[in-house]
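J.:
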Amino acid sequence: MGLGILEDRAMDGRVPGTTRYFDDPARPQYAVEGGRGLKTDNSGPVPIILVPQPSDDPNDPLNWPLWKRDLITFTLSMAAIFATSLGSILAANTVTISLYMGHNFTDVALLTGYFLLGVGVAGALFVPSSRVWGKRHTFIFGIVVLIASSVWGGVVGKQKNYTSFLWSRIIQGVGCAPFEALVNVAVGDLYFVHQRGGRMAFTNMAVFGGAFFTPIVVGKITDTLMWWWTFYLEAIFCAACLPAIVFLCPETAYRRDKRLNTDMLAGSGMVAMENGDEHPLSPEDDGHHSGEKGVSGSSSSPSADGRAAVPAKVSYLQSLAPFNGRKTDESLWKLALRPFPLFLQPAFLWACLIQGVLIGWTVLIGVILGASFIGSPLWWTEVQTGYAYTGPFLGAILGFIIAGGLSDWTAKVMTRWNGGVYEPEFRIVLVIPQFIFGATGIFGWGMAADGLLEGKFGFAVPLVFFAFEVCGMVIGAVASSLYIVDAYRDLAIEGFTCMIIFKNLFSFALTFKAYYWLITNGSKATPVFNALGAVTVVVCATSVPMYIFGKRNRSFFHRHDILRMFGLR
């Protein structure tokens, strides 16, 4: 048993996701005896074994300069901020839009709910498309849809056309879907295991944290220009992102030789790697290999010594193409159905709950926050209500700092304690700060919101608890994302699809019930949020068995492929 993780006997511990040579706390994965023939990062005083192993292809994203990979990540993250900001763009204007359009609070809440529904449904379609043809075309298509639908929303919103405005919100969700579903997956494409933690925290901060900055500025924009101008400005900022995505973000998906995925090898393939064989065969290869395939999607021909010839580097103009070949030979419809059986796999269900539940509570608080602060006894304006999101925005920043600082550090330290063997379950340790901040925020918000309306607390108290809840949400999003990428990288896209479907449909359902729950409890938030807090405690507690049995779970589902059982592989 390594640090409380039960060892697997069926595969003699050689489980996909478990990697060796991950030791020194300052140098995550260094070469020791048994690592002959593996490529290393020699930028530090001790060579770092690269997981996964890069190919010799110059078109392999893992071979690109780090500054180029970071530029792609930064560009996609900036676009993700504007895309996901549409989820909270109405938060400060709940009462304003209700009065302007003549609809009740639930109807206004559903404008956010249907946006989330659009994200969830579209995400299930974009993901298989990205598996077949790569991610670049989805990002370009998504940003174009965001530009058009934001202009649409501004025009019909001004005209008080609720039905058309509702449809524009659904289409905005469609445009947002590629950024919610695939930006984190791109991190797995671009970086080695020891480089992912901080960058995954950054992309999660962009995807989730940026939404909390939006109401701060939206309130002021509404007061100065009118609320529909928020959509016009959204279109302008997305239009500015379009050329950056087109010219700075080449395709990150790469058709990789299975033998290079050292974090996914098991059995004979892993043994070969540890014995120093530069060209081990994974079980799937079965002794046959058609050659490495780069971003061009074409097979390289074997050279005289029997190894695959290195493909030519594609030109910059060629890299601008929205498509550059298929990334898999599997059928599109099978890939579209793949995420759904994974809800039966404990690891993916755990990730959905850890990420989705706190996101749902965040949406719930956002839906009712405007009514709480704009009504009696505070009678705040849209500007003041928008400024109320300063607390959760700072909470998101704090969550980013904690997750970014702890994610790789805890993995390095625990790997050293584990004799140089890295287990993806080490990422689950991040749930501890998620539980502390998230549960405190949920229980505290209910008490503080009631105390605010009764005159017992100032307005800052519930906002502090909201900040705690958002901090826990961001940490949980990072923990679940890192675990899925490290433990099931071959299913990372399907895993993120599961998470995006769950969290958006769950949040959509909550928008129907937000005001109903308050009304049925006499407008008291404490009973509602005590129940939500109890759910949070139970969900976080599932991390204990997931940590203990996670390795055995990986082994079991490697040997009993759930997708193969459903005829999807």
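Under UniProt numbering, think of the first position of the sequence shown as 1, with each following residue one higher. A virtual CB, placed ideally from N, CA and C, is assigned to each residue, including glycine.
1) Would the stretch 101-118 and the stretch 214-230 be scored as touching if the rule is three or more Cβ pairs under 8 angstroms?
2) DSSP three-state call for Tyr389: helix, strand or coil?
3) Beta carbon of Asn553, beta carbon of Pro346: below 7 angstroms?
4) If you draw a straight line from the alpha carbon of Ile432 to that of Leu6, how long is it in whole angstroms?
5) If you reduce the DSSP assignment to three classes, tell me which class Tyr422 lands in.
6) Do you know whose CA, among Val51, Lys412, Pro61, Gly451, lies nearest Pro377's CA?
7) In whole angstroms, give me the CA-to-CA distance for Glu510 and Ala460.
8) Could you check which residue in Asp8, Ile548, Leu453 has the C-alpha nearest to that of Arg427?
9) Tell me whether Phe506 is buried or exposed, calling it buried when 16 or more other Cβ atoms sit within 10 Å of its Cβ.
10) Could you say if the stretch 191-200 and the stretch 404-415 meet the contact criterion of at least three C-beta pairs nearer than 8 angstroms?
11) Bridge partners of Ile49, per DSSP?
12) If I measure Cβ to Cβ from Ser303 and keep anything under 6 angstroms in the same chain, skipping five residues before and after, which residues do I get?
13) Give me the Cα-Cα distance between Ile368 and Ser168, rounded to the nearest whole angstrom.
14) Can you find a C-beta in chain B that's less than 7 angstroms from the C-beta of Trp229?
15) By a C-beta neighbour count over all protein chains shown, 10 Å radius and 16 as the cutoff for buried, is Gln29 buried or exposed?
16) Measure the CB-CB distance between Ile484 and Ala477 and report whether it falls below 7 angstroms.
17) Hey, out of Met205, Pro462, Lys456, whose CA is closest to Thr73's CA?
18) Hey, out of Trp133, Gly118, Pro178, Phe400, whose CA is closest to Glu474's CA?
19) Are the beta-carbon atoms of Phe348 and Cys249 separated by less than 7 angstroms?
20) Which whole runs of the alpha helix (DSSP H) in the stretch 436-500 are 4 residues long or more, in chain order?
21) Within 10 Å of its beta-carbon, does His288 have 16 or more other beta-carbons around it, so buried, or fewer, so exposed?
22) Should Glu454 go down as buried or exposed, given a rule of 16 or more other Cβ atoms within 10 Å for buried?
23) Taking the alpha carbon of Pro527 as the point to measure from, which residue in Ile442, His560, Arg559 has its own alpha carbon closest?
24) Is the stretch 233-249 in contact with the stretch 130-150, if contact means three or more CB pairs nearer than 8 angstroms?
25) Please report how far the alpha carbon of Trp228 lies from the alpha carbon of Val121, in whole angstroms.
26) Counting Cβ pairs, one atom from each stretch, are 3 or more of them under 8 angstroms apart for the stretch 60-80 and the stretch 121-131?
27) Is Thr328 helix, strand or coil when you go by DSSP?
28) In whole angstroms, what is the alpha-carbon distance linking Pro280 and Ala211?
29) Might you give, ordered along the chain, the residues of its own chain that have their beta carbon closer than 8 angstroms to the beta carbon of Trp445, omitting 5 neighbours on each side?
30) Suppose only complete runs of 4+ residues qualify. What are the alpha helix (DSSP H) ranges in the stretch 127-172, listed by chain order?
31) For Gln53, count the other beta carbons within 10 Å of its own beta carbon; 16 or more makes it buried, fewer makes it exposed. Which is it?
32) Buried or exposed for Asp41, going by 16 or more other Cβ atoms inside 10 Å?
33) Three-state secondary structure (DSSP) at Thr381?
34) Tell whether a beta-carbon distance below 7 angstroms holds between Ile216 and Thr390.
35) Is it the case that the Cβ atoms of Pro341 and Arg136 are separated by a distance below 7 angstroms?
36) What span of residues does the alpha helix (DSSP H) with Glu7 cover, start to end?
T.: The structure says:
1) no
2) coil
3) yes
4) 20 angstroms
5) strand
6) Gly451
7) Rather than Glu, the amino acid found at residue 510 in this sequence is Leu. Roughly 25 angstroms between the two C-alpha positions.
8) Ile548
9) buried
10) yes
11) Thr40
12) At Ser303 the pLDDT is 44, less than 50, meaning the model places this residue with poor confidence and gives no usable figure here.
13) 23 angstroms
14) The structure shown has no chain B; it contains just one protein chain.
15) Bear in mind that the predicted position of Gln29 carries a pLDDT of just 44, short of 50, making it unreliable; the figure below should be weighed with that in mind. When all chains shown are included, Gln29 counts as buried.
16) no
17) Met205
18) Reading off the sequence, residue 474 comes out as Val, not Glu. That would be Phe400, whose Cα lies nearest to the Cα of Val474.
19) no
20) 460-487
21) For His288, the pLDDT reaches just 31, beneath the cut-off of 50, and the residue's location in the model is therefore unreliable, although a value from the coordinates is still provided. The residue is exposed, with fewer than 16 neighbouring Cβ atoms inside 10 Å.
22) exposed
23) Ile442
24) yes
25) 26 angstroms
26) no
27) coil
28) With a pLDDT of 38 at Pro280, under the threshold of 50, the modelled position of this residue cannot be trusted, and the question is left open.
29) Ile365, Pro462, Phe465, Phe466, Glu469, Ala525, Phe529
30) 136-158
31) buried
32) buried
33) coil
34) yes
35) no
36) Run containing Glu7: none; DSSP gives neither H nor E here.
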